[in-house]
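Residue numbers (the working numbering): 166 to 529.
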């Protein structure tokens, strides 16, 4: 491993400090390193609207930044958002060389930051640890390039691939797996379920036992508005909004729509029943990352439409037999094609996860 890669990996580790807090912004880490190899500045973007990683690292370095190298996991921005542009800060600080993991695909940046650095006489290297940076910011890249939330399909299944007993809530996973689920809920923008899951399981859909600073959006895909106003999730509005995605024709003037609105839900009425349409609308609503927790119909629809970016499946040691509710059937997930596959024991349950291979998500 060369020195640039070694230091960029340190910057990527710094960027992880912002996981769960920067949405809809990317996670970014930055280092300022002297010509003698001493790290004199460190920075991480921690929260949307907060200081950018480069600005923090440069401030940390102070006068030591002059003649130093900046390592940054994403192209420094060149536009003014909630904060001013970072690229001019880099040149003003006297940075001699900039090593950047990946260019920013945001049309507001799109090479403008790198161009500013080069025009300022800064030696610029792009692409160091690019695949790792793309994987780290898969959510951001999906938002920008595909114009929809990043979707993780999450399921708990029996050893024989069943979701539960017909028509009744079936608890499959143990405490260790449940803790992992709630940690994931603490990081993402939203959880999504179908109306069948609401009617059968009546879940709270909150992040319990894990710290979360931002509201958690709960999305119910319910084109026929079958969600009961008494659903337990509607008693948890203090944790975040509940959005019910429905068909505009079904929602127009329907008593069910009024009852659900009175119970605190927000109805997102769309012109068609396509899941892709719903996801694009949810991105506009501020949902950058979405975990689809169930049920089987929703999972099958997402897989068939090619709208799944990552797969997390918790496999328990129980068998439910042929009367159990089938999950997705054969052939919808080609496990051998998933990237970054791994299996982790969580108590008595096995978590199997992988990333769908696309250029957007860092498959270089």
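For glycine and all other residues, C-beta sits at the position ideal for the given N, C-alpha and C. As the structure is a prediction and not an experimental result, all values here were calculated from the model.
Contacts around residue i, its chain only, beta-carbon distance under 7 Å, and the 5 residues preceding and following it disregarded
| i | result |
| --- | --- |
| residue 432 | 409, 411, 416, 422, 425, 426 |
| residue 338 | 321, 479, 481, 514 |
| residue 319 | 456, 457, 458, 477 |
| residue 250 | 242, 243, 244 |
| residue 438 | 388, 412 |
| residue 509 | 516 |
| residue 461 | 328, 490, 491, 492, 493 |
Local Cβ density within 10 Å of residue i, reported as buried at 16 or more and exposed below that
| i | result |
| --- | --- |
| residue 363 | buried |
| residue 458 | buried |
| residue 529 | With a pLDDT of only 37 at residue 529, under 50, the local geometry of the prediction cannot be trusted, and the value read off the model is given with reservation. Exposed is the call here. |
| residue 308 | buried |
| residue 420 | exposed |
| residue 257 | exposed |
| residue 181 | exposed |
| residue 400 | exposed |
| residue 217 | buried |
| residue 371 | buried |
| residue 449 | exposed |
| residue 395 | exposed |
Own chain residues within Cβ distance below 8 Å of residue i, not counting five before or after
| i | result |
| --- | --- |
| residue 275 | 268, 269 |
Cα-Cα separation, residue i to residue j
| i | j | result |
| --- | --- | --- |
| residue 430 | residue 456 | 19 Å |
| residue 482 | residue 324 | 5 Å |
| residue 477 | residue 290 | 35 Å |
| residue 487 | residue 265 | 53 Å |
| residue 226 | residue 206 | 4 Å |
| residue 201 | residue 303 | 34 Å |
| residue 531 | residue 348 | Outside the shown range of the chain (166 to 529) lies residue 531, about which nothing can therefore be said. |
| residue 298 | residue 414 | 43 Å |
| residue 313 | residue 445 | 5 Å |
| residue 230 | residue 184 | 27 Å |
| residue 288 | residue 344 | 46 Å |
| residue 168 | residue 294 | 12 Å |
| residue 286 | residue 261 | 8 Å |
| residue 332 | residue 474 | 29 Å |
| residue 166 | residue 404 | 45 Å |
| residue 384 | residue 281 | 41 Å |
| residue 301 | residue 502 | 20 Å |
| residue 378 | residue 188 | 12 Å |
Counterpart residues of residue i in DSSP-defined beta bridges
| i | result |
| --- | --- |
| residue 289 | 263 |
| residue 509 | 516 |
| residue 365 | Partner(s): none; residue 365 has no beta bridge. |
| residue 237 | 195, 265 |
Cβ-based neighbour list, residue i, same chain, cut-off 6 Å, excluding 5 preceding and 5 following
| i | result |
| --- | --- |
| residue 464 | 318, 493 |
| residue 402 | 429 |
Q) When the Cβ atoms of the stretch 233–244 are set against those of the stretch 192–201, are three or more pairs found closer than 8 Å? A) With contact defined as three or more Cβ pairs closer than 8 Å, the stretch 233–244 and the stretch 192–201 are in contact.
(Q) Three Cβ pairs or more, each shorter than 8 Å: is that satisfied between the stretch 377–390 and the stretch 349–364? (A) Under the 8 Å Cβ criterion, the stretch 377–390 counts as touching the stretch 349–364, having at least three qualifying pairs.
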